[in-house]
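Here the protein sequences line up with chains D and C, keeping their order.
Under the numbering used here, the first sequence is numbered contiguously, ending at residue 122.
Under the numbering used here, the second sequence is numbered contiguously, ending at residue 510.
For reference, the structure is listed below as structure tokens.
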Amino acid sequence: VIANRVTGDRLGGRASRLAALARDPAPLAAAAAAAGAELDGPALATLLGEARDRQRQVTRERRLLKELRNGLDGLPMVELPFLAGGANGPEGVRALAERLAPQDAETAARGRPRRAAGAARA
Amino acid sequence: VTPRTRDAAGAAVVAGPASPLAELARTARIIVCCGSGGVGKTSTAAAVALWAAEAGRRTCVLTIDPARRLAQALGLDLLSNAPRPVRGKGLPAGGPGSLDAMMLDMRRTFDEVIERYARDSEQADRILANRFYQRLSSTLAGTQEYMAMEKLYELHESQRYDLLVVDTPPTRSALDFLDAPDNLNELLDARAFRLLIAPAQRIGRGYLRGLNLATTAMTKMVRRVTGSELLAEVGEFFAAFEGMYDGFKERAGLVYDQLKHPSTAFVVVATPDGAALREAGYFAGRLAADRMPLGALVVNRIHRAGPVPEVPASARERLQADGADGRLLADLLELHDGLETLAASEQRRVQELLATVPNLGVVQVPLLKDDIHDIPGLRRLGEHLFRP
């Protein structure tokens with residue numbers, strides 16, 4: 001089973017800090033000031049709001065994928081990432097293909113991906 | 123003005139003049155929500171129906187989707203083949219408006235149509251007991267859409283409702299909804315086939331064996347749609363069905379006429395995904411070609427990025443090197459950049475579609491934080507649909 005367009009969890013465990021930082025963004029404001037990034041309160045609130053929305057989406061997808069996996073009775077499942085620009089060009093298609101069948105150096109040189117052991121056949 | 127307020131005369135008023143859906147929900151008799159699968163048709167249909175009901179119209183939302191999405195969206199355990207009132211879920215009681223919901227049971231609707239329009243109970247019984255009919259009524263591609271037309275006709279004729287909102291099935295292509303009645307009518311009205319089969323009724327089934335039917339295109343078609351050898355039953359079915367073809371054709375014609383009437387509006391639902399928008403574009407073109415009234419385009423799950431000043435690469439590098447808070451902020455900026463790119467590409471695709479369909483009203487609904495599974499959720503969606 002191939003689960004398409006899975007939202008990447010870029011923040012990982014750090015997402016647990018987002019709610020506290022939304023209430024008090026002082027640590028981020030200090031980091032911005034130290035780096036010379038001109039990010040005021042509203043801008044930080046926007047960044048944190050967007051990150052929290054995305055994290056909700058990640059959490060929701062994790063739950064749905066877990067439900068799906070539980071119902072697959074051991075069938076292999078591959079997750080493909082969401083690509084903002086779609087997979088219309090060769091690069092996008094290659095990125096998805098590599099997730100389906102990771103290439104080793106030899107097959108990459110031949111330009112033909114190797115089917116991963118146990119991977120689902122398309 | 124909100125959908126639950128009333129004007130000086132006490133009449134309910136639908137708000138949101140900026141939304142092309144507002145006028146449709148106030149005046150249309152039939153709204154057909156269509157589009158490819160998984161774009162939020164059911165939720166959109168339910169939210170439009172709820173909005174109209176709360177604005178004082180007697181409304182029925184009809185879903186053809188067997189996946190129970192409408193029941194879930196309305197917070198109901200189940201829906202049946204007859205309209206049922208949606209009550210006790212936060213809907214205002216005592217107003218002029220009402221909301222009923224139903225889920226099409228294709229087989230039951232077909233049975234009801236047979237019972238209603240058969241010459242007598244004997245003819246109805248013969249058809250209902252026929253194995254080919256039983257296959258036809260439950261498995262033939264397009265039957266679902268055809269029965270939706272029949273149900274739409276029945277509800278429209280009953281005059282019980284001011285507005286019927288139809289949630290079309292998640293078909294392979296949204297165009298199937300328009301094509302299915304013709305396709306099924308073609309089968310039922312296959313005069314050549316009936317002529318071929320009719321003698322079998324008079325001289326017995328040996329006639330069928332005598333003819334090399336296996337090689338005929340018609341036989342292949344029947345085999346394809348039924349998936350089994352039922353030729354004798356087919357002959358009996360068409361014989362029993364005699365006299366009902368014209369009624370089917372006539373009602374399909376009436377529904378088609380109603381769908382073309384200015385009091386009907388097709389609402390094409392899509393997501394900003396390229397494939398869904400292409401499908402929406404094809405559907406809009408097909409509606410225009412068939413002179414059917416295209417009311418609006420709803421694009422669900424739109425991404426939006428807020429305003430954030432540009433942060434130069436040098437500052438981002440310093441953030442990455444500045445401990446946990448700096449790295450987190452740098453990642454938040456990366457996420458924002460990705461969201462901006464995504465939002466821009468979605469808007470580009472939407473504008474490309476709109477360029478091909480002049481004067482089409484569009485409503486863009488942002489990606490909502492929660493799934494919709496109750497009346498308050500539908501109201502939240504309604505706020506975006508009617509007051510974008």
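The beta carbon of each residue, even a glycine, is placed where N, CA and C say it ideally should be.
Proximal residues of chain D, C-beta to C-beta of residue i below 7 Å
i: C/S158; result: The premise fails here: C/S158 is roughly 15 Å from chain D at the closest Cβ pair, so nothing lies under 7 Å.
i: C/R440; result: A35 and G36
i: C/D453; result: R10 and L11
i: C/H458; result: L47 and E50
Span separating the alpha-carbon of residue i from that of residue j
i: C/G332; j: C/A362; result: Only weak support exists for where C/G332 lies, its pLDDT of 41 falling under 50; the value from the coordinates is given anyway. For C/G332 and C/A362, the distance between alpha carbons rounds to 22 Å.
i: C/L450; j: D/R14; result: 8 Å
i: D/A84; j: C/T463; result: 7 Å
i: C/L172; j: C/R501; result: 8 Å
i: C/R151; j: C/R257; result: 34 Å
i: D/G92; j: D/G86; result: 7 Å
i: C/V472; j: C/P384; result: 26 Å
i: C/Q442; j: D/L80; result: 27 Å
i: C/Y329; j: C/A354; result: No answer about C/Y329 holds up, because its pLDDT of 40 lies below 50 and its placement is not dependable.
i: C/T164; j: C/R229; result: 21 Å
i: C/I186; j: C/E364; result: 28 Å
i: C/A133; j: C/S141; result: Any answer about C/A133 is weak, because its pLDDT of 39 lies below 50 and its placement is not dependable; what the coordinates show is given next. Going by the C-alpha atoms only, they are around 20 Å apart.
i: C/G369; j: C/Y268; result: 13 Å
i: C/R180; j: D/D53; result: 37 Å
i: C/D412; j: C/V391; result: 19 Å
C-beta contact flag for residue i and residue j at 7 Å
i: C/F388; j: C/L419; result: no
i: C/D289; j: C/C155; result: yes
i: C/A398; j: C/V161; result: yes
i: C/F232; j: C/V356; result: no
i: D/A31; j: C/G407; result: no
i: C/A183; j: C/A193; result: Note on residue identity: the sequence assigns Val, not Ala, to residue 183 of chain C. Not in contact: C/V183 and C/A193 (Cβ atoms no closer than 7 Å).
i: C/F508; j: C/L143; result: yes
i: C/L461; j: C/A427; result: yes
i: C/R400; j: C/L489; result: no
Bridge partners - residue i, DSSP secondary structure assignment
i: C/E234; result: C/E234 pairs with nothing; no bridge assigned.
i: C/S202; result: Note: C/S202 sits in no beta bridge, so no partner.
i: C/Q486; result: C/V421
i: D/E79; result: D/A3
i: C/M84; result: Since the displayed chain C opens at 123 and closes at 510, residue 84 of chain C lies outside it and no answer follows.
i: C/F508; result: None; C/F508 has no bridge partner.
i: C/D222; result: C/C182 and C/P207
Chain-ordered neighbours of residue i on chain C, where CB pairs are closer than 8 Å
i: D/P27; result: D447
i: D/G135; result: This structure cannot settle anything about residue 135 of chain D, because the visible part of chain D is limited to 1 through 122.
i: D/D53; result: L489 and K491
i: D/R62; result: Near D/R62 there are no residues of chain C at all, since even the closest Cβ is about 14 Å away, more than 8 Å.
Where residue i meets chain D, residues with beta-carbon distance less than 9 Å
i: C/L503; result: Those do not exist, as C/L503 stays about 17 Å from chain D at its closest Cβ, beyond 9 Å.
i: C/G396; result: G86 and N88
Residue closest to residue i, alpha-carbon to alpha-carbon, out of the options
i: C/T386; options: C/P415, C/T164, C/D444 and C/L455; result: C/P415
i: D/D24; options: D/P42, D/L96, D/D53 and D/G8; result: D/P42
i: C/A223; options: C/A251, C/R191 and C/N481; result: C/R191
i: C/D199; options: C/L455, C/N481 and C/M225; result: C/M225
i: C/G157; options: C/A465, C/D493, C/T393 and C/L503; result: C/T393
i: D/A37; options: C/E279, C/E432 and C/G159; result: C/E432
i: C/D492; options: C/L503, C/S436 and C/P480; result: C/L503
i: C/H425; options: D/A34, D/Q57 and D/A22; result: D/Q57
Closer than 7 Å at the beta carbon, the chain C residues around residue i
i: D/T46; result: G428, P429 and V430
i: D/A31; result: L441, D444, D447, G448 and L451
i: D/A43; result: V430 and P431
i: D/D14; result: The residue you asked about is not Asp; residue 14 of chain D is Arg in the sequence shown. L450, listed in chain order.
i: D/R56; result: K491
Check: residue i C-beta below 6 Å from any heavy atom of the ligand GTP
i: C/I497; result: Looking for the ligand GTP in the displayed structure turns up nothing, as the structure carries no ligands at all.
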